[in-house]
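Participant: Oh and the sequence shown: position 1109 is 1109 in the UniProt record's numbering, straight run, nothing missing.
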Amino acid sequence: MGQPQNGTIAEPQNGKMDFISTTKQDHEHPPSIPHITANLIPLSNILKFYAQESYKQLTTAIENLSTNADEESDVKRKKYFLDIIVSLRQDLLKVYTLIKWASVSQDVSKFIDLLNWFRLQDFQFDRLTHQLAGLSGFGGAKLPNFDIETALEVFYKKRPLLPSHNYIQQPKISSRKILEVLKDLNLALMTKFAMIDVPTQFQFEIKDGRAYIDVPKEFQVRITMANDDLSTDNPFYMIGFEFLFGIDQNETLVTLGGNDSIATKLPTQSYVRLEKIANRVLSVSGLHGLYELLHKYAISFKLYLVSKQIRGLLNTLKWKNNLQIKYAMGSSLIIVNYWSSHFLNSSWKSFLEIGIDRKFNLSYRWFRNGQYENSEIVEKIIRNRGEDEEDEADEADGSDDEDSLFKEENDLTSPRDEDDPVQSVHIESIISSFMIAHSASIMKSIHKLLRTRITGDIEMVNSHRIMFSISPKKSAVLAINPLTGLFYFVNPTPIQNRLLKRINSPPSTASLMKQQQQQLQQKQQQQQVVTENGFIESVVVVLQQLMLETFTKEVNNYLSTTEWIHNSIIKLNEGEVNNLLKSIDRNNTRDQITVQFYRRKHWPSTWFLIVMVNGLSASTAWWVARIKSVDASWVVSYLQNLVYNPTLDYPFFKNLGKSTFKKIINHVILDELRANGIEYHHVLSDEEQSGGVDDTGKEMRSELAELGLAESMSNGSNNVGENGSNNSVTVIYQSIIKLQNTNLIPVENSSSHFYLQVQLINQDNTNKMNLNLFGKLKNLSIKNSPELAKFNLKIDHDKQNLEIATSVDLNSIINESSHRHNQKQGFLNPIFNNLNNLNNLLRIFDQLNNNNIEILDNAMDSMVIRVNDIVDKLLIQLPQNPKDAIQISTVETKPWEIEIIIHFLNRYLQSSKSTNIVGVIHYLDEFDPIYRAVKQVQSLLNEQEGGGANGTSSSTNSKSDDLKLSNGLHKIYFDAIFKNLNSIQFMFNLSSTVANSRKIHKDKILISLSFKRNKFNRLNKDGNNSQNLIKVSLKNNLNSKNVKFKHLFELMFKSISEMERNERDEIINLQENHLLIKLNYDFLISCNVIEEMMGRITKCFIQYLTEESK
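1. Hey, how far is the Cα of D654 from the Cα of T562?
2. Round the Cβ separation of L965 and T993 to the nearest angstrom and send it over; I've been treating them as touching at under 8 Å.
3. Helix, strand or coil for Q880 per DSSP?
4. Please tell me whether C1100 and L1029 are closer than 7 Å, where the distance is taken between their beta carbons.
5. Could you name each continuous beta strand (DSSP E) segment of 3 residues or more that falls completely within the segment 215-296, going from the start of the chain to the end?
6. Quick check on L303: does DSSP put it in helix, strand or coil?
7. According to DSSP, V336 sits in a beta bridge with which residue or residues?
8. My output table needs one value for I678: the three-state DSSP class, helix, strand or coil.
9. Out of E803, I865, I1097, state which residue places its alpha-carbon closest to the alpha-carbon of E1058.
10. Is N614 near I593, with beta carbons less than 7 Å apart?
11. Counting C-beta neighbours from all protein chains within 10 Å, is the total for G485 16 or more, i.e. buried, or is it exposed?
12. Return the residue from the list P163, V635, N166 that minimises the CA-CA distance to N627.
13. Is the Cβ-Cβ distance between F243 and F219 less than 7 Å?
14. When you compare only the Cα positions, how much space is there between S32 and R119?
15. Since N369 contacts S350 with CB under 8 Å, what's their CB separation in whole angstroms?
16. How is N840 classed by DSSP in three states: helix, strand or coil?
17. Determine the contact status of I977 and F988, defining contact as a CB-CB distance below 7 Å.
18. Considering only DSSP beta bridges, list what L362 is partnered with.
19. Taking the alpha helix (DSSP H) that V539 belongs to, which residues open and close that run?
20. What are the partner residues of F204, as DSSP defines its beta bridges?
21. Pick from P492, S463, P494: whose alpha carbon is nearest that of P482?
22. For S953, count neighbouring C-beta atoms within 10 Å of its own C-beta (all shown protein chains included) and say buried if the count is 16 or more, exposed if not.
23. Assess, as a yes-or-no matter, whether the segment 298-317 is touched by the segment 344-364 under the definition of 3 or more beta carbon pairs within less than 8 Å.
24. Please go through the same chain and pick out, in chain order, the residues whose beta-carbon is closer than 7 Å to the beta-carbon of Y1104, but skip the five residues on each side of it.
25. Look at the alpha carbon of L65 and the alpha carbon of Q57, and state the distance between them as a whole number of angstroms.
26. Exposed or buried, which one is V539 when buried takes at least 16 other CB atoms within 10 Å?
27. Between I427 and the rest of its own chain, which residues show a CB-CB distance below 7 Å, the 5 nearest in sequence each way excluded?
28. Mapping the DSSP letters down to three states, classify G919 as helix, strand or coil.
29. Is the beta carbon of F661 sitting closer than 7 Å to the one on A618?
30. Tell me, please, whether the segment 210-228 touches the segment 184-197 by the rule of three or more beta-carbon pairs shorter than 8 Å.
31. Is it right to say residue 1171 is buried, meaning 16 or more other beta carbons lie within 10 angstroms of its own, or is it exposed?
32. Quick check on the DSSP output: the beta strand (DSSP E) that includes Y167 runs from which residue to which?
33. Using the three-state DSSP reduction, which class does E71 fall into: helix, strand or coil?
34. What are the boundary residues of the beta strand (DSSP E) that H753 is part of?
35. Considering just the uninterrupted stretch of the alpha helix (DSSP H) at E1108, what are its terminal residues?
36. Using only CA atoms, which one of T1106, V1043, N1014, N851 lies nearest to I1077?
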């Protein structure tokens, strides 16, 4: 009987109970329920455990809260402590429940005893149910079947035949008996074969008690009979089997005739399985069923050997990634996909099928270009594969290793002959022959199509190579690798290697279609398959592109050797190209030409030499043109024909630059003047200068004489002869242009016109351009400096003449506009830049003189002025580039407050590109009192915190002690924060100790300063306010943390009010330059008041801290 779960039962004495003799009293008083005494835990232990656990959790929680005081917020720490309290409360509620139960412990004990008794009764009933269910089974009472066989043996033979287990020696069978049995079997087999229908495929011989059956080229099977009973329909049993084909040492599939020594035998395990199946088929279907079984088995095994050969090829380096095979065990067909890495055949578009024909020979079907090839073509490839490979190998001698299929040995390939007892098939040679035939067919189609497209020489070197002309002096050889199906060039050039990637990549049908058809047929193109004809078409298109690029490169080489620079950025649209074709009256198609652009180093950025090259007809056309970019497209704004299809020799390219240069130079100068917004009235050419009769030219020469510039310009012309007296100097071109002085230099400092002299000379075979700008300069306030020569600037103070000269080496100047998008470099830029610098210098001079600012020194690109006592000398640096901004700096190193304000001012000048130096100087003047206020605050705090100089009184030391904490640190720190030019903050950091702790609490008081314009103040002569106001704001301190500093703010407001009213509440300091306006927590004050105000505020801080310490 099992034990109860919640304790033990007190057993009755003697281990049993007597239920036989019962009385009426026994029925009235049943036996008592057993009492449980084991596995009971005292309540005191439970209370002790929970008390210890509660104390441990509270101790751990308090330690965690003390260590994480600085890392966690108060809310998170309170929530953590509350979770601990709630968890302990739940446990104590459980303990409280147990205590309440303990008050009625007797009743609880009875409930436990009663529950145990119920469980014991339930166990007994379950056991009784299982025992009753076991009575219904009679499996153990079943008797074995009677041994009738042994009974019959005893009945007939008077004893049973018991096994001897080889303990009883059997007599040996004699040789005579064996021969008799074999002869009987031979006779029985001959008789049985004569009585039945033997399959016609069987060629049999009966000997040694068995029948040797051969099926030519397939298999040999040996069968016999179990006895000489001829009445049985199918008494045969298979006792031997082997295939009459196999793979030899050369990995060749060999079909055998009568040579049994090298027949393929099955492994033991496979033979046992075949024997069982064959004997079962013999017992049911006889010899005909055996033939069907073994015939199918031979076909499957032969294809398996072929697939094994092919899979062996896949593991070699030569055929890896070039073949794919699709074959399932037991299948009657092998599909071989060659050129598997080629896009033309990546989706099994061309493959070879290998099967077995009716004569048990390997048969082949070739699927190519979407259809099966004719069987006659396939037979011809198989029959002539040995001869073709030998011919191709002879032709490929001395060539690259890519023609690897042509170098294969062909020892094992031979045509099929039914009379030959031994036939061999080399599957690698079979596959190679089809790949060679396919590649030869592709090359033949390319040759045929290419001959219709071009007029140059083209010929077939062999079945896998084509030689054709790509330019008048060059030829190329295109070949195909039959192993991979990829093309290659013999002795390739870089262009051929680049285009070879396009040939060996899927053709882009979009490039062969018009743009209008692309959008309509885009979805259809994605679903189309690349056909072989489309591939051949794409190859021919790439070969045409090769011819075009090769001839284009030759023309490019001619131009590069004669110092022409190619520009590959410009691309003309179809309309512009058609205009080029119309200008030469040629009907060339757009696909057959290429347009290139060239220029010389000294040419302007918009002028180009246009060359149109036709690669198929080897013709060229030449233009000189001006090209601009308009709305993201290139537009030819000026075009002039040069020559069509000239003889491309050295004299032509040598004179090409000189013939185009004269047509460009004058147009470039005028265009550059228009681009700079400079108006010109007349251009005086060199013929007019030498004595022309034009009235405008005479008027222009008279103006030069009246202004006193004729002599200067003649000296500029004579300088060419003086500088080149010892050299060969030739003046190619000379002109004078009259410029209108609109925005070059202020008219009050100059005349209304300037004159630009342009000279194009050739000195020592070097083309140079001399540019001289002449004009009048009056009302001079600029000091003459040696730095003027650095800017090619000459000022004649006596004659009040101005000359700016520059010289450009046209053979070495590099136009940077093609490399920089936002900067245009021109011939006149040096002159205009120097003129712009002079203009800026004069404008700044006017500003400073009008505002009575002292100028200490000046140069062409800088000047030094005096600002005030703090900044002292200020350096103004003019920009070299007109688009840059003016920069300012101090001559001597100043405090960091001044340096950062100078930095902010430079940032303002850089962002606004302003030239208002007077406004910068006014700001520095207005910043002066703020700087003094910063220094005053620092001085006051240093005096109080440092205790003064040596020899200070004890009272001063006591005041300094009031501004320090118990650990010696200062209670107040000051710092000035400069955010920008209009935002300055005075930050006072107040430190205090925390009660009963070593921590220091820090508070921050911010006083923000910003400039405000006084709209009611009168304006100066420049239209600006003579002085701004300063807004002092305390709004940043309006928060709950600063409520404790209420007394400090009261002291501050009271002290500030004393600046405006005296003790009798009378308004004082009503002067215009002493303004103080209170706006809640803000103040508007004059600049000269900020120093006094910040001094009062600092003293309020000192007073507050002193009172707090007491």
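Cβ coordinates follow ideal geometry from the N, Cα and C atoms, glycine included.
Quick caveat, the model's predicted, so the values are computed rather than measured.
Facilitator: Walking through what the data contain:
1. The residue labelled residue 654 in the question sits at position 654 within the sequence shown. The residue labelled residue 562 in the question sits at position 562 within the sequence shown. The question names Asp, but residue 654 in the sequence shown is Lys. If I take the Cα positions, the gap works out to 7 Å.
2. As a working mapping, residue 965 is identified with position 965 in the sequence shown. As a working mapping, residue 993 is identified with position 993 in the sequence shown. Sure, about 6 Å apart at Cβ, within 8 Å.
3. Here residue 880 refers to the residue found at position 880 when the sequence shown is read from its first residue. In this structure, Q880 counts as coil in the three-state DSSP scheme.
4. Along the sequence shown, one-based indexing puts residue 1100 at 1100. Along the sequence shown, one-based indexing puts residue 1029 at 1029. Going by C-beta atoms, C1100 is not nearer than 7 Å to L1029.
5. 219-225, 236-243, 245-247, 253-255
6. Translated into the one-based positions of the sequence shown, residue 303 becomes position 303. In this structure, L303 counts as helix in the three-state DSSP scheme.
7. Mapped onto the sequence shown, residue 336 falls at position 336. DSSP lists I325, L352 as partners of V336.
8. Position 678 of the sequence shown, counted from the first residue, corresponds to residue 678. Coil.
9. The count along the sequence shown starts at 1 and reaches residue 1058 at position 1058. That would be I1097, whose Cα lies nearest to the Cα of E1058.
10. Translated into the one-based positions of the sequence shown, residue 614 becomes position 614. Translated into the one-based positions of the sequence shown, residue 593 becomes position 593. Yes.
11. Translated into positions along the sequence shown, residue 485 becomes position 485. The residue is buried, with at least 16 neighbouring Cβ atoms inside 10 Å.
12. The residue labelled residue 627 in the question sits at position 627 within the sequence shown. Inspection of the sequence shows that residue 627 is occupied by Ile rather than by Asn. Here the closest residue by C-alpha is V635.
13. Taking the first residue of the sequence shown as 1, we reach residue 243 at position 243. Taking the first residue of the sequence shown as 1, we reach residue 219 at position 219. For F243 and F219, yes; Cβs fall inside 7 Å.
14. Indexing the sequence shown from 1 puts residue 32 at position 32. Indexing the sequence shown from 1 puts residue 119 at position 119. Using only the alpha carbons, I get a separation of about 16 Å.
15. Against the sequence shown, residue 369 aligns to sequence position 369. Against the sequence shown, residue 350 aligns to sequence position 350. Rounded, the Cβ-Cβ distance is 7 Å, consistent with contact.
16. Here residue 840 refers to the residue found at position 840 of the sequence shown. Of the three classes helix, strand and coil, the one that applies to N840 here is helix, per DSSP.
17. For the purposes of this step, residue 977 is identified with residue 977 of the sequence shown, where counting begins at 1. For the purposes of this step, residue 988 is identified with residue 988 of the sequence shown, where counting begins at 1. Their beta carbons are not under 7 Å apart, which means I977 does not touch F988 by this criterion.
18. On the sequence shown, residue 362 is found 362 positions in, with the first residue counted as 1. Paired residue(s): I356.
19. For the purposes of this step, residue 539 is taken as residue 539 along the sequence shown, with counting starting at 1. That run of the alpha helix (DSSP H) goes 532-561.
20. Translated into positions along the sequence shown, residue 204 becomes position 204. DSSP output for F204 lists I213 as bridge partner(s).
21. By one-based count along the sequence shown, residue 482 stands at place 482. With distances taken between Cα atoms, P482 lies closest to S463.
22. Looking up residue 953 in the sequence shown gives position 953. A caution first: S953 carries a pLDDT of 49, below 50, which makes its placement in the model unreliable, though a value can still be read off. So S953 counts as exposed.
23. yes
24. Stepping through the sequence shown from its first residue, residue 1104 is reached at position 1104. Within the same chain, Y1104 has close Cβ partners H1047, L1048, L1051.
25. As a first step, residue 65 is located in the sequence shown; it is residue number 65 there, counting from the start. As a first step, residue 57 is located in the sequence shown; it is residue number 57 there, counting from the start. If you take the alpha carbons of L65 and Q57, they lie about 12 Å apart.
26. As a working note, residue 539 is residue 539 in the sequence shown. Buried, by the Cβ-count rule.
27. In the sequence shown, counting from the first residue as 1, residue 427 sits at position 427. The answer, listed in chain order, is L253, V306, Q309, I310.
28. In the sequence shown, residue 919 corresponds to position 919, counting from 1. G919 falls in the helix class under three-state DSSP.
29. Locating residue 661 in the sequence shown gives position 661, where the first residue counts as 1. Locating residue 618 in the sequence shown gives position 618, where the first residue counts as 1. No, they are not a contact pair.
30. yes
31. Since the first and last residues shown for the chain are 1 and 1110, residue 1171 lies out of range.
32. To locate residue 167, count along the sequence shown from 1; it is residue 167. Per DSSP, Y167 belongs to no beta strand (DSSP E) and is neither H nor E.
33. On the sequence shown, position 71 is the one that residue 71 refers to. Looking at E71 - three-state DSSP - the assignment turns out to be coil, as it is neither helix nor strand.
34. For the purposes of this step, residue 753 is identified with residue 753 of the sequence shown, where counting begins at 1. Run containing H753: 753-763, per the beta strand (DSSP E) assignment.
35. The residue you call residue 1108 lines up with position 1108 of the sequence shown. Looking at the DSSP string, the run of the alpha helix (DSSP H) that includes E1108 is 1090-1109.
36. Working through the sequence shown from its first residue, we reach residue 1077 at position 1077. Looking at the Cα atoms, N1014 is the closest of the given residues.
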